[in-house]
Each structure stands twice: as C-alpha cells, then as structure tokens.
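Participant: Quick note on numbering: my numbering labels position 281 of the sequence shown as 870, and the sequence is numbered without any gaps. Mind having a look at this structure? Questions to follow.
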Amino acid sequence: MKTKHVIDLESLSVSELMEIIELANEIRERPQDYAEVCRGKILATLFYEPSTRTQMSFKTAMLRLGGSIIGFDNPQNSSVAKGESLKDTITVVGGYADIIAIRHSLEGTAKAASLYSAAPVINAGDGGHLHPTQTLTDIVTLYNEKQTLDNMCIGLCGDLKNGRTVHSLIKTMSHFKGNSFVLISTPELSVPQYIKDIMNASGCRYSEVRSLAEAIPMLDVLYMTRIQRERFKSPEEYEQQKGVFVLDTEKMKLAKRDMKILHPLPRVDEITEEVDYDDRAKYFIQTVYGMYARMALIIKMLENADRKPMPRRFDTHNVRCSNPNCITHTEPYLPKIFRALGGDMLLCKYCEGRNLI
Ligand code: CP
Numbered sequence: 590m591k592t593k594h595v596i597d598l599e600s601l602s603v604s605e606l607m608e609i610i611e612l613a614n615e616i617r618e619r620p621q622d623y624a625e626v627c628r629g630k631i632l633a634t635l636f637y638e639p640s641t642r643t644q645m646s647f648k649t650a651m652l653r654l655g656g657s658i659i660g661f662d663n664p665q666n667s668s669v670a671k672g673e674s675l676k677d678t679i680t681v682v683g684g685y686a687d688i689i690a691i692r693h694s695l696e697g698t699a700k701a702a703s704l705y706s707a708a709p710v711i712n713a714g715d716g717g718h719l720h721p722t723q724t725l726t727d728i729v730t731l732y733n734e735k736q737t738l739d740n741m742c743i744g745l746c747g748d749l750k751n752g753r754t755v756h757s758l759i760k761t762m763s764h765f766k767g768n769s770f771v772l773i774s775t776p777e778l779s780v781p782q783y784i785k786d787i788m789n790a791s792g793c794r795y796s797e798v799r800s801l802a803e804a805i806p807m808l809d810v811l812y813m814t815r816i817q818r819e820r821f822k823s824p825e826e827y828e829q830q831k832g833v834f835v836l837d838t839e840k841m842k843l844a845k846r847d848m849k850i851l852h853p854l855p856r857v858d859e860i861t862e863e864v865d866y867d868d869r870a871k872y873f874i875q876t877v878y879g880m881y882a883r884m885a886l887i888i889k890m891l892e893n894a895d896r897k898p899m900p901r902r903f904d905t906h907n908v909r910c911s912n913p914n915c916i917t918h919t920e921p922y923l924p925k926i927f928r929a930l931g932g933d934m935l936l937c938k939y940c941e942g943r944n945l946i
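Given below as structure tokens:
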C-alpha cells in the first residue's frame, strides 16, 4: 500500500481496495496460512469512545495473525485522565506499537494522531466524520453477498448527518461504476453538503426521500443506521428524531428478493428483531467479514510501513476551524492546516469542515 496511515479510504485506490477484499477472502478460506504472519508485531488500540465490534475485531484480527495487542478502551484508565495531550500519548504509543487503531468522539483525531506517530495509524472512527474500516467491512460484505461493487442502487436510512459509516461508504462507493444512492432521512438528519459535493463530482445519481416504504422497492442494498443519540445537542432533539424509520417484516415484503440489508451496528430500534430471520439480513455476518477485512488491512499496512514520523507541519492559515466538534479545539497546539477550495472557502484538513474566511 502506498499510504502509511489510513485516515480516509480516499487515500487507497480502487485496485488497492480490491486487493484488500481479495486478501480478506483468502484469509477467510485458509486462516491457518496467516496464523503467524504478524508474529512479533504489536497493535495498539486507543479507544477514547465506546466500541464493541471495531475494538474487538481489531484485537481478534491481530491475535489471529499471531501478533499481540496493547491499549485502552477507557481513556480514564490511562494518563489521558491526568491531562496528557493526544500528541504526547501518540508519540509514546507510536514508540511501543507497530500499528495503532484509534477511535475518538472528536472529528479529525486520527488525522491529528498521524502527525505524531512513528507507527501507522488507522482511523477507527472520528466523531461524526469517518469510519474507514467499517467501510472496508461493508465492501467485503457487499462483494461477497452481491458478487459486485458496481451498478447498485444503495439506500442509506437513518442518521445520515452524524453517521460516519454513511459518509465513508458513500465516498468509497462513488468510486465504483454506476452506483446510485437513495438517501432516506428526516430533513434535520440529511447528509452533509460535502458528501453531496462528492456524489456530484463523481457523477453518481442520488435522491433524498422521506419514506422508507416508498424507497425500498427500488433498492439493491439497504444500509440501515441508528439515530446517534450521543451526537445530539439535547435529549429533546434526539427524542424528536428517534423511531422515525423502522425496518420490519411488512416493509421487507416490498423489497426485492435479492436486496441485502446491512447495518454497521449497534442497532437500537430501527430494525425489528424478526427481520434477523429474513435471509436478506446480512448485518451479523457483516461483523465477521469485518474481522477478515481488518486482518487484511493490518497485513497490507505492515508490509511496507516505515517508522519515520511525519515531518513537522506548520499553520497554512491563521484560522481556527469553525466546526465545534473538530479536534483542533481541544488540542490547541495542532497546526492549523487547511486546503483552499476557491473563493472564500477553506477546508479543514482534520475534519473536512468548510470555513469561510
Ligand atoms: N460498527 C461499529 O463501529 O460498531 P462499534 O461502535 O461497536 O465498534
């Protein structure tokens, strides 16, 4: 792989993504051939935010490859509780581990970590921004369950504003041929403008609809997501949004016979339990594909990884990112790095927030 860190799957080409899918499938078929490939290597999992699947599948992946694991799943049990900065934690852990997976509630944290780590960094979810290894999980699942990643009508339903898995999946599936998207949400939880810009730039057709029952007959894939309670400003705002979209057996009667249901999980109330027994429900096998996807990613990242820290970065603009959930607000030493988008617009390189100057 050309890229050292995986912060966003945009840094991987379509052929690199296909190599990861093929390797994941090879490992699934012949796990014994890969049981020692990471012997002597250490994965650090730094989870500043709760997780079941991502954290455990990363750990399981490294253990099944013969490697070892260190890390924390509660920063209060680390020196973060004493006020240690992200920079210092990462500098130290990057000296202990061969590869780091980091999850954080603030957007841009994995990018920030990559500035200070000698070891390769994997974004295991940064706030409402991106979740690239969930997308690897999703595309390994789709490739195996649909035998293609092209020419699909993909419905995404639920919290499309805060759902980082949705953002990463749209970005990636926009690079494959002929895909279109049906975005099923309330107006308040629709996808951010920068994701619409990506679909427009790639020429992918998309529509925004408010009814799951109306959308479901046209879909090849339905990607359900939960309403992300932890990202709302108040409990009242969450209460207004929860329970609007529920997939049940009645709606499944309207769906194509070969439609596949994916969900990054955890589920709250958006898929009823009886749908689990429909053979189109793929969200539990998806979690298993995720372990193989992460095994393949770890192997590929360790193949050519150097241990050189990135050169020191300096401010590109004297501007503070306007996204209140951007990591730059809590780690103020971070260099202010922006890309000029033309006109008066700057893109924050950490969180992809748009900033007017
Ligand atoms: N899909 C996912 O990220 O699940 P966890 O939050 O349990 O890791």
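Note that beta-carbon positions come from the ideal geometry of N, C-alpha and C, so glycine has one too.
Starting from the C-beta of residue 896, find all residues in its chain whose C-beta is less than 8 Å away, skip the five residues before and the five after it, and write them out in chain order.
Facilitator: Stepping through the sequence shown from its first residue, residue 896 is reached at position 307. Contacts found: 707, 708.
Participant: Between 870, 872, 945, 700, which lies nearest to residue 920 when the distance is taken from Cα to Cα?
Facilitator: Sequence index remark: in the sequence shown, residue 920 carries index 331 (1-based). Residue 700 is the option with its Cα nearest to residue 920.
Participant: Residues bridged to residue 934 by DSSP?
Facilitator: As a position in the sequence shown, residue 934 is number 345, starting the count at 1. The partner list for residue 934 (beta bridge, DSSP) reads 931, 945.
Participant: Name the residue from 621, 690, 728, 716 whose alpha carbon lies nearest to the alpha carbon of residue 609.
Facilitator: Walking along the sequence shown from the start, residue 609 turns up at place 20. For the residues 621, 690, 728, 716, the minimum Cα distance to residue 609 belongs to 728.
Participant: Whose C-alpha, out of 694, 740, 757, is nearest the C-alpha of residue 917?
Facilitator: Translated into the one-based positions of the sequence shown, residue 917 becomes position 328. Closest option to residue 917, Cα to Cα, is 694.
Participant: Helix, strand or coil, according to DSSP, for residue 706 in the structure here?
Facilitator: Here the question's residue 706 lines up with position 117 in the sequence shown. Here residue 706 sits in coil by DSSP.
Participant: The beta strand (DSSP E) spanning residue 741 covers which residue range?
Facilitator: One-based indexing of the sequence shown puts residue 741 at position 152. Element bounds for residue 741: n/a, residue is neither H nor E.
Participant: Leaving out the 5 sequence neighbours to the left and right, which residues in its chain are closer than 8 Å to residue 848 when beta-carbon positions are compared?
Facilitator: One-based indexing of the sequence shown puts residue 848 at position 259. Setting aside the 5 residues that flank it on each side, residue 848 is surrounded in the same chain by 805, 808, 809, 810, 811, 869, each with a C-beta closer than 8 Å to its C-beta; the list follows chain order.
Participant: Give the single residue among 669, 649, 654 whose Cα lies nearest to the Cα of residue 638.
Facilitator: Stepping through the sequence shown from its first residue, residue 638 is reached at position 49. Taking only the C-alpha atoms, the option nearest residue 638 is 669.
Participant: Measure the CB-CB distance between residue 769 and residue 747 and report whether it falls below 8 Å.
Facilitator: Counting from 1 along the sequence shown, the entry for residue 769 is found at position 180. Counting from 1 along the sequence shown, the entry for residue 747 is found at position 158. No, the pair does not count as a contact, with Cβ atoms beyond the cut-off.
Participant: In chain order, what residues of the same chain have a beta carbon less than 7 Å from the beta carbon of residue 644, not counting five sequence neighbours either side?
Facilitator: Stepping through the sequence shown from its first residue, residue 644 is reached at position 55. So the list reads 634, 636, 662, once near-sequence residues are dropped.
Participant: For the pair the region 822-840 and the region 849-869, tell me if three or more CB-CB distances fall below 8 Å.
Facilitator: yes
Participant: From residue 592 to residue 600, what distance separates their C-alpha atoms?
Facilitator: Locating residue 592 in the sequence shown gives position 3, counting from the first residue. Locating residue 600 in the sequence shown gives position 11, counting from the first residue. Taking the straight line from one Cα to the other gives about 7 Å.
Participant: Give me the Cβ distance between residue 613 and residue 885, rounded to the nearest whole Å; I'm assuming they're in contact under 8 Å.
Facilitator: Taking the first residue of the sequence shown as position 1, residue 613 is located at position 24. Taking the first residue of the sequence shown as position 1, residue 885 is located at position 296. At roughly 4 Å, the Cβ-Cβ gap stays under 8 Å, so residue 613 and residue 885 are in contact.
Participant: Which value, in whole angstroms, describes the spacing of the CA atoms of residue 949 and residue 827?
Facilitator: Outside the displayed span of the chain (590 to 946) sits residue 949, for which this structure offers no information.
Participant: Which residues mark the beginning and the end of the alpha helix (DSSP H) in which residue 647 is found?
Facilitator: In the sequence shown, the residue the question calls residue 647 occupies position 58. Following the DSSP letters along the chain, one finds residue 647 inside the alpha helix (DSSP H) bounded by residues 642-653.
Participant: Excluding sequence positions up to five away, which residues of its chain have a Cβ less than 7 Å from the Cβ of residue 704?
Facilitator: The residue you call residue 704 lines up with position 115 of the sequence shown. Within the same chain, residue 704 has close Cβ partners 899, 902.
Participant: Taking 6 Å as the limit between beta carbons, can you name the residues of its chain near residue 658, skipping five residues before and five after?
Facilitator: Within the sequence shown, the letter at position 69 stands for residue 658. So the list reads 632, 648, 651, once near-sequence residues are dropped.
Participant: In whole angstroms, what separates the C-alpha of residue 893 from that of residue 713?
Facilitator: Locating residue 893 in the sequence shown gives position 304, where the first residue counts as 1. Locating residue 713 in the sequence shown gives position 124, where the first residue counts as 1. Cα-Cα distance, rounded: 21 Å.
Participant: Are the CB atoms of residue 754 and residue 723 nearer to each other than 8 Å?
Facilitator: In the sequence shown, residue 754 corresponds to position 165, counting from 1. In the sequence shown, residue 723 corresponds to position 134, counting from 1. By the CB criterion at 8 Å, residue 754 and residue 723 fall inside the cutoff.
Participant: Take residue 739 and list the residues in its own chain whose beta-carbon comes closer than 8 Å to its own, dropping the five residues that flank it on each side.
Facilitator: Residue mapping note: residue 739 aligns to position 150 of the sequence shown, counting from 1. Excluding sequence neighbours, residue 739 sits near 765, 766, 767, 768.
Participant: Any idea what DSSP makes of residue 818, helix, strand or coil?
Facilitator: The count along the sequence shown starts at 1 and reaches residue 818 at position 229. For residue 818, the secondary structure class from DSSP, reduced to helix, strand or coil, is helix.
Participant: On the three-state DSSP scale, how would you describe residue 714?
Facilitator: Translated into the one-based positions of the sequence shown, residue 714 becomes position 125. Strand, per DSSP.
Participant: Given this structure, state the Cα-to-Cα distance separating residue 749 from residue 666, to the nearest angstrom.
Facilitator: As a first step, residue 749 must be located in the sequence shown, where it is residue number 160. As a first step, residue 666 must be located in the sequence shown, where it is residue number 77. Whole-angstrom Cα-Cα distance: 33 Å.
Participant: Please report the distance separating the alpha-carbon of residue 619 from that of residue 756.
Facilitator: Position 30 of the sequence shown holds residue 619. Position 167 of the sequence shown holds residue 756. If you take the alpha carbons of residue 619 and residue 756, they lie about 32 Å apart.
Participant: Please find out if some non-hydrogen atom of the ligand CP comes closer than 7 Å to the beta-carbon of residue 853.
Facilitator: Residue mapping note: residue 853 aligns to position 264 of the sequence shown, counting from 1. Yes.
Participant: Tell me, which residues are paired with residue 811 by DSSP?
Facilitator: The residue you call residue 811 lines up with position 222 of the sequence shown. Bridge pairing for residue 811: 744, 850 [DSSP].
Participant: Measure the alpha-carbon distance for residue 872 versus residue 906 and round it to whole angstroms.
Facilitator: Looking up residue 872 in the sequence shown gives position 283. Looking up residue 906 in the sequence shown gives position 317. Each residue's Cα considered, the two are about 43 Å apart.
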